[in-house]
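A short worksheet on the structure shown next.
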Ligand SMILES: [Zn+2]
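Residue numbers (our numbering): 197 to 332.
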């Protein structure tokens with residue numbers, strides 16, 4: 197009987213869309229993704245001919261086309277990694293403050309099917325579509 201009263205008093209007042217039981221695996225997944233991204237980023241920096249030991253000689257005339265191509269490619273990949281890293285950090289901080297799964301743009305709940313596929317997302321599908329159409 198006393199157990200029941202504890203359970204009912206633990207009912208949270210704020211709207212928490214995702215149960216804690218699910219949040220913890222999501223959180224560890226995001227953290228492992230973050231580690232992977234950081235590893236990939238540091239290996240990219242090692243491979244980039246412009247970054248490894250050459251950063252103070254950026255417009256060097258002896259830069260080969262292959263080096264330039266390699267740089268452009270790793271630059272694009274680095275930007276993509278950066279974007280993902282920021283997104284995952286944002287999702288993790290939303291877990292921390294207890295608003296994970298709630299769209300940061302309109303405040304509606306994000307579809308759980310969407311969260312399963314993109315656990316790092318912080319906006320609902322409608323808001324993402326709106327943002328995408330603005331970009332174009
Ligand atoms: Zn939204």
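Just so you know, even glycine gets a beta-carbon here, dropped at the ideal spot from N, CA and C.
Next on the checklist: For residue 320 and residue 287, I'd like the C-alpha separation in whole angstroms.
Outcome noted: 13 Å
Checklist entry - Would you say the beta carbon of residue 309 comes nearer than 7 Å to a heavy atom of ligand 1? => result no
Checklist entry - residue 194 by DSSP, collapsed to three states: which one? => result Outside the displayed span of the chain (197 to 332) sits residue 194, for which this structure offers no information.
Next on the checklist: Taking the alpha carbon of residue 227 as the reference point, which residue from 289, 326, 260 and 271 has its own alpha carbon closest?
Outcome noted: Minimum Cα distance to residue 227 is reached at 289.
Checklist entry - Are there three or more Cβ pairs, one per stretch, closer than 8 Å when the region 262-269 is compared with the region 220-236? => result no
Checklist entry - At a cut-off of 7 Å, is residue 319 close to ligand 1 when judged by its beta-carbon and the heavy atoms of the ligand? => result Flag set: Cβ of residue 319 near ligand 1.
Checklist entry - Touch check for the region 230-244 and the region 297-305: three-plus C-beta pairs under 8 Å? => result These segments do not touch.
Checklist entry - What do you reckon, are the CB atoms on residue 324 and residue 283 nearer than 8 Å? => result no
Checklist entry - What does DSSP give as the partner residues of residue 305 in its beta bridges? => result 298
Checklist entry - With respect to the alpha helix (DSSP H) encompassing residue 316, which residues constitute its N-terminal and C-terminal limits? => result Careful: residue 316 lies outside any alpha helix (DSSP H) and carries neither H nor E.
Checklist entry - Smallest Cα separation from residue 274: which of 326, 233 and 309? => result 233
Checklist entry - Under 7 Å from any heavy atom of ligand 1, does the C-beta of residue 304 make it? => result At a cut-off of 7 Å, the beta-carbon of residue 304 counts as near ligand 1: some heavy atom of the ligand is closer than that.
Item to check | Expected contact under 8 Å - CB spacing of residue 297 and residue 311 to nearest Å | outcome: 6 Å
Item to check | Assigned secondary structure, residue 202 (DSSP; H/G/I helix, E/B strand, else coil) | outcome: Low confidence applies here, because residue 202 scores a pLDDT of 44, under 50, leaving its location unreliable; read the following figure in that light. Here residue 202 sits in helix by DSSP.
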